[in-house]
Each structure stands twice: as structure tokens, then as C-alpha cells.
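There are 2 protein chains.
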Amino acid sequence: MKDNNDMPGHLARRFQQIAVAVFLAEVADAGFDLTPVQYAALATIKANPGLDQVTLAGLIAYDRTTITGVIDRLVQKGLAERRASSRDRRARELEITDEGRRTLRKITPAVESAQRILLRGLSTREGEELMRLLRKAIAAGNDLSRAPLRSPDV
Amino acid sequence: MKDNNDMPGHLARRFQQIAVAVFLAEVADAGFDLTPVQYAALATIKANPGLDQVTLAGLIAYDRTTITGVIDRLVQKGLAERRASSRDRRARELEITDEGRRTLRKITPAVESAQRILLRGLSTREGEELMRLLRKAIAAGNDLSRAPLRSPDV
DNA sequence: CGATATTGCTCAGTATGCTGACGATCAGTA
DNA sequence: TACTGATCGTCAGCATACTGAGCAATATCG
Numbered sequence: 000m001k002d003n004n005d006m007p008g009h010l011a012r013r014f015q016q017i018a019v020a021v022f023l024a025e026v027a028d029a030g031f032d033l034t035p036v037q038y039a040a041l042a043t044i045k046a047n048p049g050l051d052q053v054t055l056a057g058l059i060a061y062d063r064t065t066i067t068g069v070i071d072r073l074v075q076k077g078l079a080e081r082r083a084s085s086r087d088r089r090a091r092e093l094e095i096t097d098e099g100r101r102t103l104r105k106i107t108p109a110v111e112s113a114q115r116i117l118l119r120g121l122s123t124r125e126g127e128e129l130m131r132l133l134r135k136a137i138a139a140g141n142d143l144s145r146a147p148l149r150s151p152d153v
Numbered sequence: 000m001k002d003n004n005d006m007p008g009h010l011a012r013r014f015q016q017i018a019v020a021v022f023l024a025e026v027a028d029a030g031f032d033l034t035p036v037q038y039a040a041l042a043t044i045k046a047n048p049g050l051d052q053v054t055l056a057g058l059i060a061y062d063r064t065t066i067t068g069v070i071d072r073l074v075q076k077g078l079a080e081r082r083a084s085s086r087d088r089r090a091r092e093l094e095i096t097d098e099g100r101r102t103l104r105k106i107t108p109a110v111e112s113a114q115r116i117l118l119r120g121l122s123t124r125e126g127e128e129l130m131r132l133l134r135k136a137i138a139a140g141n142d143l144s145r146a147p148l149r150s151p152d153v
């Protein structure tokens, strides 16, 4: 009988579980209340001003039905704005607010600290190897989830 | 500016996302309707008959408030039973049913297939190295989440 | 024994993620 | 131009995960 520890799926769940806990703890210590998902969305909005929700979802591999709620909460916190697009009346253009920019700037050390803590059991070399292997496995399985990563069309 | 792909936390989320999608697809192909979480719980109940909910949660690193709903659904599907403990009237003893045993047996190939698909982008050696590194990182961060893994007291 | 602390379980509330469906809009084509 | 299909956003419903609270029962200690 296979042990849970031999199941990559189980290890994936555990690793993600710890990653979220560490992120929330570090961010809370810094005095902020932002989830990993909200952080990634906000950072991506800042890097791609005026993008629509579907594009945002593709850039960070979220489901389009999930992104609605995430943006709702960013807007409610005053960190982002959602406005109608002039070119496509179906789409909403997303912008980061000054408050969102301030939050991102102040929260960055906590986010980086969280990434370090997550790998604290590994050497630098091992940490890099883990990320390389994860990237490789993820690339091979990208299209297997409903919300694949989509590179910008450029 | 750090890319998402340099964030182990982001990679963790993506890998887990794909793992769940692959698991559900393989299991559905085999004609069953069981989530990864429900599968792990059921397999652990089978391996440890009569265990209580807190012990089960510890063995698979689930939160105690999460396990309640998971068991609800296993019971509702007729795969497990929850009965009062005679030694501790707070506790519930968990048992797998014959139907649960049958389901586990028939579903095993799909579960194993899912694990293979999840690593299909990696060589055998790389897959093993990924699991080793994940285990190591998880062990170091085990106590950082609200639901750490707890080995049986033996 | 009795007060206190701890433990097992549940519940309410919040936040991801997903399936499947829908209305509104846009794009391509006959 | 009218039709068809695709796309954008949203919604309802379900299943994890978590926080924090609470009840009932057990354990511990003075």
C-alpha cells in the first residue's frame, strides 16, 4: 500500500497548504490583510494597467469565475478599480489605485520573507532545483486544469 | 520585479491546482465521483479502522473543521460510517463500509494513473527528486500550518 | 472532590477553486 | 445585413481550508 508521502498529489496539497499559511502569517505580521491570491492579482494589475479580467486570469492561472470575487475584494479594500472598457462593452478594465500601490510597496518584504521561509528546509541549490522541477511539471500539465496559464500575446 | 515563476508559493498553488484537476479527471474516467481529499480520508480510515476524527485529520494533515464536512460526504455516499465511541463519548469512531472498500479497490488504478500524469513532464529520476525536495520542504514547514501532519503515537 | 484546563466535535463566516449556465456583446460569414 | 459562434463577465451551487467560537466530555491538579 502506497504511503501518502509517495503521492505527488498529496505532497502538492501539503506544500500549498504551508505556502498559504506562511504567506498569511508574514503579511499579517507586517500589518496587512491580503491573501496570496489577492497579492498576485494586484501585482499583475499594476504590471499591466488597464487589462481585462480574462487576461488577468490567464496571466496568473485563475479561473474566470474565481477572479470575479478576488477583484470584488480588492475593489472593496480600495486597492483596485474596475471600470467599463470603451472598446469592448463586455469587458472591464482594471487599474491599481494609489492605495494599492502603497500596499504593494510596503508588503513586498513580507512576501519575499514568506518565500524564503517556505524553502527554509532546503539549501539554496535544493530550493532552485525544486523550483525548476515544479516549473517543468507545471508546464507539462498546464492545459490539464480549467485555468491554464496564458502568456501575453505580445 | 520578481516573476511569478520565481515564487515557490505561486508554483505550489499551480502544482496543486493541476494535481486536483488530473485526479478528478482520472477518477471520473473510471466512473467514480471522489475528490482527492475524500480519497485520502477513506484510504486512511481503511488502514486505521475505528480511529477518531482528530486522529484521522492528523494523519493526513487536514484541519479538524474541514474533516467534519469530508466525513459527512463519505457517509452520505455510503462509503464510511461514523459511530459514537464507547471509551470517549466526545469522539466518533470511523469505519469503512464494504461499499467503501469496493470503491477504493476499483479506483486505485485511476489514482495511480493520476500520479503518473502529474509527473509526466519529468524523468523518473526528476520525479523522485521533486518528491524528495517536497518532502523535505514540507517537513521543515510542517508546524507552520494550522493542520500539521501528526504521526501515529505508536 | 472540585475547580480548571484540555480535548473532540461542530458551527458560522470568509476565501479560494471548480462546474455549468446565463445575458450581453462582439466577430466572422453567408 | 442577418445568422452563428465565440467571448466577457456574472451567478448559483458545491468542495476544500481556514479563523474563531462554543458545547460536551475528559483529564489534571490542588
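Taken in sequence, the protein lines are chains C and U. When we follow numbering that gives the first Met the number 0, the leftmost residue of the first sequence carries the number 0, and every step to the right adds one. When we follow numbering that gives the first Met the number 0, the leftmost residue of the second sequence carries the number 0, and every step to the right adds one. Think of the CB as a built atom: it goes at the ideal place given N, C-alpha and C, for glycine as much as any other residue. Small disclaimer: the values here were computed from a predicted structure and weren't measured.
Buried or exposed, going by whether 16 or more other CB atoms sit within 10 Å of the CB of residue 13(C)?
buried
Taking Cβ-Cβ distances shorter than 9 Å, what residues in chain U pair up with residue 135(C)?
120, 121, 125 and 129
Along chain C, which residues have their Cβ under 7 Å away from the Cβ of residue 114(U)?
6, 7 and 8
Nearest to residue 52(C) by alpha carbon, out of 27(C), 67(C), 110(C) and 45(C)?
67(C)
Does residue 117(C) have its Cβ less than 7 Å from a Cβ in chain U?
yes
What are the boundary residues of the beta strand (DSSP E) that includes residue 149(C)?
Note, residue 149(C): premise wrong, no beta strand (DSSP E); not H, not E.
Say the cut is 6 Å; is the CB of residue 99(U) nearer than that to a heavy atom of the ligand NAD?
With respect to the ligand NAD, the structure shown offers nothing to examine, as it has no ligands at all.
Would the stretch 100-118 of chain C and the stretch 92-112 of chain U be scored as touching if the rule is three or more Cβ pairs under 8 Å?
no
Where does residue 93(C) fall in DSSP's three states?
strand
Please name the residue, chosen from 124(U), 131(U) and 114(U), that lies closest to residue 21(U) on a Cα-to-Cα basis.
114(U)
Short CB-CB distance (under 7 Å) between residue 140(U) and chain C:
yes
Buried or exposed for residue 108(U), please, with buried defined as at least 16 other CB atoms from any protein chain shown within 10 angstroms of its CB.
exposed
Kindly identify the DSSP beta-bridge partner or partners of residue 80(U).
94(U)
Sorted by chain position, which residues of the same chain lie with C-beta nearer than 7 Å to residue 83(C)'s C-beta, five sequence neighbours on each side aside?
91
Distance check for residue 50(C) and residue 42(U), CA to CA, integer angstroms please.
45 Å
What does residue 21(U) touch in chain C if you count any residue whose Cβ is under 7 Å from its own?
140 and 143
Rounded to a whole number of angstroms, what is the C-alpha to C-alpha distance between residue 138(U) and residue 120(C)?
8 Å
For a test of the three-state rule: what should DSSP assign to residue 242(C), helix, strand or coil?
Residue numbering for chain C in the displayed model covers 0 to 153; residue 242(C) lies beyond these limits and cannot be assessed.
Thinking residue 106(U) and residue 26(U) are a contact (beta carbons under 8 Å), I'd like their distance in whole angstroms, please.
6 Å
Report all residues from its chain with a CB closer than 6 Å to the CB of residue 57(U); omit the five preceding and five following residues, and keep chain order.
149
Please compile the residues from chain C whose C-beta is within a distance smaller than 8 Å of the C-beta of residue 146(U).
16
Would residue 39(C) pass as a contact of residue 117(C) if the rule is Cβ separation under 7 Å?
no
From 130(C), 89(C), 34(C) and 88(C), pick the residue whose C-alpha is nearest to that of residue 70(C); which is it?
34(C)
Interface residues of chain U facing residue 59(C) [CB-CB closer than 7 Å]
3
If residue 133(U) sits next to residue 130(C), beta carbons under 8 Å apart, how far is it from one beta carbon to the other, in whole angstroms?
That pair is no contact at about 11 Å.
Within 7 Å (strictly less), CB to CB, does residue 11(U) reach chain C?
yes
Grab the span of the alpha helix (DSSP H) containing residue 67(U) for me, first residue to last.
63-75
Against chain C, does residue 35(U) count as a neighbour if the rule is that its beta carbon must be under 7 Å from one of theirs?
yes
Rounded straight-line distance, which links the Cα of residue 74(U) to that of residue 153(C):
Note on residue 153(C): pLDDT 43, under 50, position unreliable in the model; no value is reported.
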